[in-house]
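Undergrad: Per the UniProt record's numbering, the very first residue in the sequence shown carries number 1; after that it's consecutive. Ideal Cβ positions, reconstructed from N, Cα and C, are used throughout, including at glycine. All of these numbers come straight from a predicted model, not from anything done at the bench. I'd like to ask some things about the structure below.
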Amino acid sequence: MVQATARHLLVSTQEQCEELKQQIIGGADFADLAKAHSSCPSGAQGGELGSFGPGMMVKEFDEVVFSAPLNEVQGPVQTQFGYHLLEVTSRG
1 MVQATARHLL VSTQEQCEEL KQQIIGGADF ADLAKAHSSC PSGAQGGELG
51 SFGPGMMVKE FDEVVFSAPL NEVQGPVQTQ FGYHLLEVTS RG
């Protein structure tokens, strides 16, 4: 089965998500922003989610993680939890 590793940050508004994405594009460190702003417990680890397979995350998350280019920030991705920025770090 295909496995992926990814990191994410979760915020409550699309506007905040877009703002953080622009900061990352401008050179800010994804992990630092996740630690400072993410409402997910993974934020404490810089947003690292570890390794997981298809179907282990919510559908909207899975669709991005198993199709997006590696090491490029994706989002905002809306789920029932809020708005995510995602970065797929490996897949294989």
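Near residue 66, what residues of its chain come up, given a Cβ to Cβ distance below 8 Å and the 5 sequence neighbours on each side ignored?
TA: Closer than 8 Å at Cβ, skipping near neighbours: 2, 4, 54 and 91.
Undergrad: Roughly how many angstroms separate the alpha carbons of residue 51 and residue 6, rounded to a whole number?
TA: Residue 51 and residue 6: Cα-Cα distance of roughly 7 Å.
Undergrad: Threshold first: 4 residues or longer. Then list the alpha helix (DSSP H) segments lying entirely within the UniProt domain "PpiC" (1 to 90), N to C.
TA: The qualifying runs are 14 to 25, 30 to 37 and 59 to 65.
Undergrad: Give a yes or no on whether the C-beta atoms belonging to residue 23 and residue 9 are separated by under 8 Å.
TA: Cβ atoms of residue 23 and residue 9: not closer than 8 Å.
Undergrad: In its own chain, which residues sit with a C-beta less than 8 Å from the C-beta of residue 71, not counting the 5 before and 5 after it?
TA: Result list for residue 71: 87, 88 and 89, in chain order.
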